[in-house]
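Notes to accompany the following structure.
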Ligand code: SF4
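Residue numbers (this note's numbering): 60 to 556.
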């Protein structure tokens with residue numbers, strides 16, 4: 060007998076076609092990155108370890124798991140139950156945690172986020188509806204989240220890491236429609252592949268693994284879709300234009316755009332020419348004192364803090380790259396990367412002070428990120444505080460200048476350094492990097508490299524790849540500022556590494 064699981068109902072609620080494809084054509088799905096689920100599993104393990112008397116329902120077969128759950132519920136010790144199984148009206152669920160209350164049981168859904176999302180509440184509603192339908196006296200339902208104010212004291216003590224948010228009041232409507240959702244999913248499962256056009260729902264709340272399948276065969280979209288307009292205002296404008304049947308930005312009436320950045324993007328797409336106010340960029344950067352230190356951090360923010368004194372999701376710097384440019388254009392490259400697995404913050408702070416010295420502008424691309432890291436280091440190390448705060452005062456930001464004074468049609472609405480670099484300096488490319496070519500890949504590489512089980516060879520390889528990636532980030536900043544902000548058409552620089 061086949062049942063509908065809570066994940067399948069969640070897929071159905073996102074898109075009936077996704078749900079159908081997952082059941083009938085699973086081979087069409089792209090393979091999901093297993094590291095996506097790692098944080099969830101780790102938080103789930105902490106939630107269980109916080110309840111040492113808990114009993115795990117280990118059976119995988121649904122009927123056996125349901126029988127084992129009945130036994131556990133009837134046990135006189137009323138211990139917490141992990142992975143309890145329930146079946147009701149063709150829907151089969153496993154609940155993360157059941158805890159005994161005075162007159163029944165509390166259901167806890169464990170999540171690795173720090174706030175409750177709508178889809179999580181729908182998930183809980185499916186479980187509550189199924190468990191109650193199967194006869195369980197549920198008195199309360201909570202989402203058990205990571206409390207981002209928790210500070211890890213060390214020695215594996217994670218008591219207090221998780222906090223409960225009661226969601227009973229949010230369940231009312233969802234509980235009344237579970238039955239009809241389950242029935243509709245059953246009808247869809249038994250029918251033909253549903254017709255459904257791709258749209259915003261394909262990425263909300265999760266990226267659909269069938270996007271490749273659904274997009275295959277569609278006529279190519281316009282070269283400059285209206286959706287490239289950046290930011291919330293740009294997305295609203297794009298929706299407005301699409302409602303009028305305009306999908307290519309170049310076909311929009313110019314007077315329909317008001318914001319200065321949207322007009323710049325529009326003009327660049329229409330003409331095929333880059334917009335570049337060199338004079339304004341040169342004037343804005345003229346006061347950036349030499350030596351200029353181009354700085355970029357790589358950080359990791361695990362849901363479960365690894366090092367004493369850190370909080371969940373706190374950005375911990377494990378690497379930085381810094382290109383220091385003298386007034387004559389000469390460059391020197393410095394970097395810090397700690398793959399020892401110990402708390403990298405002290406080493407990072409000391410190396411930073413040694414590299415940045417006490418004079419010159421510190422150039423960033425999105426200043427709040429670098430400032431946040433430096434301020435957190437200053438708060439952590441009282442003896443380094445004055446020096447670090449002085450560095451924070453010297454920070455300047457190239458990103459707002461690019462936003463205000465440069466746009467190339469190739470950027471496709473993005474001002475990220477990875478979008479700007481190929482347009483401005485085509486000879487430098489992130490595409491040439493091996494394995495580590497964005498911030499997420501850098502985090503993955505770092506976590507793999509500090510795993511005690513990794514081989515020395517692999518750690519060395521990861522060290523090289525992380526260094527190459529972070530180095531390119533700051534070299535890209537040097538070249539962007541040199542190319543876009545110099546008063547003359549171009550600059551040359553010498554490079555020592
Ligand atoms: S890509 Fe979009 S339309 Fe296609 S199955 Fe997934 S969610 Fe549905």
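Ideal placement from N, C-alpha and C gives every residue a C-beta, glycine not left out. All values derive from a computational prediction rather than experimental measurement.
Query	Result
Is there at least one non-hydrogen atom of ligand 1 closer than 7 Å to the beta-carbon of residue 260?	yes
Alpha carbon to alpha carbon, how far is residue 156 from residue 76?	31 Å
Going by DSSP, which residues form a beta bridge with residue 380?	355, 394
Is residue 73 near ligand 1 - that is, is its Cβ less than 7 Å away from at least one heavy atom of it?	yes
Assuming residue 67 and residue 184 form a contact by the criterion Cβ under 8 Å, report the distance between their Cβ atoms to the nearest whole angstrom.	Wrong, their Cβ atoms sit about 15 Å apart, outside the cutoff.
I'd like to know whether the C-beta atoms of residue 73 and residue 269 end up nearer to each other than 8 Å.	no
Rounded to the nearest angstrom, what separates residue 487 and residue 315 at their Cα positions?	36 Å
Measure the beta-carbon distance from residue 455 to residue 422 and round it to whole angstroms, keeping in mind my assumption that it falls under 8 Å.	6 Å
Among 277, 189, 284, whose alpha-carbon lies nearest the alpha-carbon of residue 238?	189
Give the range of the beta strand (DSSP E) segment to which residue 558 is assigned.	Since the first residue shown for the chain is 60 and the last is 556, residue 558 is missing from the structure and cannot be characterised.
Is there a Cβ of chain D sitting closer than 8 Å to that of residue 383, yes or no?	Checking the listed chains, one finds no chain D in this structure; it contains a single protein chain.
Once DSSP output is grouped into helix, strand and coil, what is the label at residue 90?	coil
Alpha carbon to alpha carbon, how far is residue 541 from residue 551? Give it in angstroms, no decimals.	Residue confidence for residue 551 is low, a pLDDT of 39 falling below 50, so the modelled location carries little weight; the figure read from the coordinates is stated next. Roughly 8 Å separates the two Cα atoms.
Let me know if residue 418 comes out buried or exposed under the rule of 16 or more other beta-carbons within 10 Å of its beta-carbon.	exposed
Mind checking which residues open and close the alpha helix (DSSP H) that includes residue 521?	515-544
With respect to 7 Å, is the separation between the Cβ of residue 313 and the closest non-hydrogen atom of ligand 1 below this value?	no
Quick one: give me the first and last residue of the alpha helix (DSSP H) that residue 217 is part of.	Element bounds for residue 217: n/a, residue is neither H nor E.
Quick check on the burial criterion: 16 or more other C-beta atoms within 10 angstroms. Buried or exposed for residue 229?	buried
Below 8 Å on the Cβ atoms is my guess for residue 388 versus residue 374; work out the distance and round it to an integer in Å.	In fact, because the Cβ distance is near 32 Å, the residues do not count as touching under 8 Å.
Do residue 270 and ligand 1 come close, with the Cβ less than 7 Å from some heavy atom?	yes
Could you check if residue 218 is buried or exposed, using at least 16 other CB atoms within 10 Å of its CB as the buried criterion?	exposed
Starting from the C-beta of residue 292, find all residues in its chain whose C-beta is less than 7 Å away, skip the five residues before and the five after it, and write them out in chain order.	318
Any chance the CB of residue 90 is under 7 Å from a heavy atom of ligand 1?	no
Only counting runs of 4 or more residues, tell me where the alpha helix (DSSP H) segments fall wholly within the stretch 101-155, in order along the chain.	121-133
How many angstroms separate the CA atom of residue 339 from the CA atom of residue 544?	8 Å
On a Cα-Cα basis, can you pick out the residue from 205, 170, 140 that is closest to residue 163?	140
What's the C-alpha gap between residue 158 and residue 200?	10 Å
What are the start and end residues of the beta strand (DSSP E) that includes residue 509?	Note, residue 509: premise wrong, no beta strand (DSSP E); not H, not E.
Could you spell out where the beta strand (DSSP E) holding residue 626 opens and where it closes?	What the structure shows of the chain is the stretch from 60 to 556, and residue 626 is not part of that stretch, so it cannot be assessed.
What's the call for residue 277, buried or exposed, on a 16-neighbour Cβ count within 10 Å?	exposed
For residue 536, count neighbouring C-beta atoms within 10 Å of its own C-beta (all shown protein chains included) and say buried if the count is 16 or more, exposed if not.	buried
Can you say whether residue 80 is buried or exposed, counting buried as having 16 or more other CB atoms within 10 angstroms of its CB?	buried
Sorted by chain position, which residues of the same chain lie with C-beta nearer than 7 Å to residue 554's C-beta, five sequence neighbours on each side aside?	Its pLDDT being 35, under 50, residue 554 is placed unreliably in this model, and the value from its coordinates should be taken loosely. Closer than 7 Å at Cβ, skipping near neighbours: 390.
Within the same chain, show all residues whose beta-carbon is closer than 8 Å to that of residue 121, passing over the 5 residues directly before and after it, in chain order.	62, 144, 146, 151
Suppose contacts are defined by Cβ-Cβ distances below 8 Å. Is residue 300 in contact with residue 324 by that definition?	no
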